[in-house]
Amino acid sequence: MSDLNRNFGRGLQIGWVQNNNMFPLSASQLGIWFAQQINPSTAAYNIGEYIEICGSVDPLLFEQALQQLIIEAEALRLKIIDHVDGPRQIIAPPSPWSMPVIDVSAEPDARAAAESWMRADLARPVNPTEGPLFGFALFKVSASHFFWYARYHHIVMDAFGMWLIARRLADIYTQLSDGRATYNHSFGSIAALLEEDAAYRASKQRALDREFWADYLAGRPEPASLDGHPSSAEPVNFLRNTSYLPRRSLDCLRSVASRSATGIPQIINAAAAIFLHRLTGANDVMFGLPVAARNGVSRCTPGMVSNVLPLRVPVRPNMTVSEVLVETSRQMHGVLTHQHYGITDLRRDGGANGPPLFKFNVNIMRFNYGFSFAGHNAIAHNLSLGPVEDLSIAVYERSEGVPLRVDFDTNPALYSAADIADYQERFFKLLTAIADPDVAIGRLELLSAAERRQLLEEWNATDRVLGGGTLVDALGAQAAARPDAVAAVFEDARLSYAELEARANQLAHHLRGLGVGAETVVGLCLERSLEMLVGLIGILKAGAGYLPLDPSYPAERLGFMLEDSGAALVITTAALGDRLGHHGARRLELDTQAAALAGQPTHAPAITLEPQNLAYIIYTSGSTGTPKGVAVTHAGLCSLAAAQIDRFAITSHARVLQFASVSFDAAVSEVVIALGSGATLVIAAAQQRGDGLAHLIREQNVTHATLPPVLLSEL
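In the working numbering, the protein residues as written are 6 to 720.
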């Protein structure tokens, strides 16, 4: 194989002529310029692709076509100058050059040899002021098989521009092969491109865009990352894993797009939002969305114009795929309407020392490469789209009949090759699963069959089950078996199982009348009391999941949890209402609605509840950032209760202390092991500690208690 080595590109260098025809850099170019200045030795801003030509190519005609292309595309004749007033660019006239032709036909693996050469070239840093800012080469794989390689510095070209260049080259070469060579090109000028950029920056629309983004990014979430650690220095090279979505899966996605009146981009971005939500637990996810940001003359002008927008999607476990798709489409429409406001400006507006807007990117390229070179089909192969800080998903929807290519590009300082392959496999599994628009995203399966078997059978054999698989079934069974037994005690008050069942059923009927049902989230903000227990059980009997809200928490945190969880309603009292702040959930005050509740039926409402339905949502402390909600199903809760009842030998004669705050998982365990076994739940008052708690334990003959070590030392 011929190897041009360091001489590659020298013959391509344009005969730059400096004159007074200097232009400023566009906003997009400036972003690349400053990033390169921070790390001048990086090759991360080299972008490139190769076009596979399935047929014979005349190298002399191909070189002639490229020479004409350089004349037509001013971006290929740009020189960047580090001027005293800041970076500038000039357009120089082309000078003659010879195109490198590299014969790899004798190599054992011609494609691998060619790609190795291309990647080595892409890995060489390019100084924007020295160049060369582009490089072309033609690889001969066989007499009827060629690769055209193109490399650019990102400061002069983006992916849209690469597509314009490749399409025009195919047209010129075809004209030369046919003997036509009319050269009626329609590329716009760099001057017009920069005028368009300057006009936007001085427009009222830019002010409106800035206002939109300020509102959109208010209270933004932490940048989502599957790694979970701050990224290291920007890598020179990235890890890439390429796969193709099976045709059957792609057809299913197109069917979903047709039924929902959306498109593949909306579906891919909805899948990315679900993917991040499921793997990080975040209910408000934000990731980068690269866009062409072109209209007017920029649609026909090769150059660097593209932008990256933050796309923010609220996602919760009880949302269906269809609901996430609708929300994603709505968010995309909003941000695309304001896509010309540059990412550099967004970062500056957010504060230079603040956290990054996003780490995770989803780049969807729908450039139609269905052109040919003198009748020979062309297949595009991307090699690099630019720097990768964390993880980037690139999706190429090239043309009809071509498989959907999906690249996972990652920072090798954060992810291993095994990591990237694993994440891509799960993403493909998710793309297949979301073909059912009515399934709740919390129920989408991301585990392989082997992983599922390992987790559920080898590591976690749960052959015990409580009741009928839901907590409602288990509590109903205990009420039927021992109606007169004491279910719960608080201070001087007590409830039998029959009384607890009746009051919880009345609340459940009332909630059903308010529209509460399966997968609905209902907040529970009550002081420790029997009413708190009735509220918890009543929510479950209505088919909903409860959101525990400790009244002692700051109002801001309570309000955040209500908003973030999407709670439709919150159960509280008139005295506690002011603690909840402003939110979209309705309030049901048990004290003011006591008469209405008393008039409800005492039998259980007829509901269909599955083990996989939501039981409750618990929030993390938020000590390392924004609190995150975790959804727990009836199946998980019942399995836990059954195992603990067996392990701790809890019988109907036991008396279980309810000590933990309702906002902690320990409180859930205390409630379900007591009521699930027919035992008595002894509810401690919030202020009972030390001697007071010891007295309660003795007086109530408590047999089982879950207490922190620091408290045990006081007893």
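Each residue gets a CB set at the ideal place from its N, CA and C atoms; glycine is no exception.
In this structure, His345 and Asp214 form a Cβ contact; the two beta carbons are roughly 7 Å apart against a cut-off of 8 Å. Excluding the 5 residues flanking it on each side, Thr578 has same chain C-beta neighbours closer than 7 Å at Leu531, Glu594, Leu595, Asp596, in chain order.
For Phe565, no beta strand (DSSP E) encloses it; the enclosing alpha helix (DSSP H) starts and ends at 560-570. Glu57 has Phe152, Ile384 as its beta-bridge partners, per DSSP. Ala266 sits exposed, since fewer than 16 C-beta atoms from the chains shown fall within 10 Å of its C-beta.
The continuous alpha helix (DSSP H) containing Thr285 extends over residues 269-285. If you draw a 10 Å sphere on the C-beta of Leu452, you find fewer than 16 other C-beta atoms in it, and that means exposed. In this structure the region 103-113 does not lie against the region 352-372, because fewer than three pairs of beta carbons, one per stretch, are closer than 8 Å. For Asn373, no pairing in a beta bridge is given by DSSP. Under a 10 Å Cβ-count criterion, Cys59 is classified as exposed, with fewer than 16 other Cβ atoms of the shown protein chains found around its own Cβ. Distance from the CA atom of Asp220 to the CA atom of Gln617, rounded to whole angstroms, is 37 Å. At a cut-off of 4 residues, the continuous stretches assigned as alpha helix (DSSP H) that sit fully inside the region 470-519 are 476-486, 502-518.
In the structure shown, Tyr188 falls within a coil segment according to DSSP collapsed to helix, strand and coil.
When the five nearest sequence neighbours on each side are left out, the beta carbons in the same chain lying within less than 6 Å of the beta carbon of Leu81 are those of Ile75, Phe139, in order along the chain.
Boundaries of the beta strand (DSSP E) harbouring Thr638: 634-638, taken from the DSSP string. About 5 Å separates the Cβ atoms of Ile279 and Ile446, confirming a contact at the 8 Å cut-off.
In this structure, the alpha-carbon of Leu519 lies about 48 Å from that of Ser311. Taken through DSSP and simplified to helix, strand or coil, Ser31 comes out as coil. Relative to the Cα of Pro137, the nearest Cα in the group Phe151, Ala115, Val161, Leu680 belongs to Val161. For the pair Ile86 and His159, the CB atoms are not nearer than the 7 Å cut-off. Residue burial annotation: Thr625 is exposed, with fewer than 16 other C-beta atoms found within 10 angstroms of its C-beta. Looking only at Ile177, Gly571, Thr247, His282, the smallest Cα-Cα distance to Ser191 is reached by Ile177. Each of Arg93, Glu79, Arg116 was checked against the Cα of Pro99, and the nearest Cα belongs to Glu79.
Going by DSSP, Arg321 is part of no beta strand (DSSP E) at all; its letter is neither H nor E.
Considering only Arg335, Leu619, Val318, Ala297, the residue with the shortest C-alpha distance to Gly268 is Arg335. Here Ala486 has no same chain residue with a Cβ atom under 6 Å from its own Cβ, once five neighbours each way along the sequence are excluded. When beta bridges are read from the DSSP output, Leu250 appears opposite Leu409.
Straight-line spacing of the CA atoms in Leu436 and Ile273 works out to 8 Å. The beta carbons of Pro45 and Asn132 sit about 7 Å from each other, so the pair counts as a contact at 8 Å. In this structure, Leu143 is the residue among Ser397, Ala611, Leu143, Leu545 with its C-alpha nearest to the C-alpha of Leu65. In this structure, DSSP gives Thr415 an extended state, which the three-state scheme calls strand.
Annotated as proximal: Leu552 and Ser570, with beta-carbon spacing under 7 Å. Assignment of Asp350 by DSSP, reduced to helix, strand and coil, places it in the helix class. Shown here, Phe141 sits in a strand according to DSSP, grouped into three states.
Leu529: member of the beta strand (DSSP E) spanning 526-529, first to last residue.
Between the alpha carbons of Ser557 and His588 lies a gap of roughly 18 Å.
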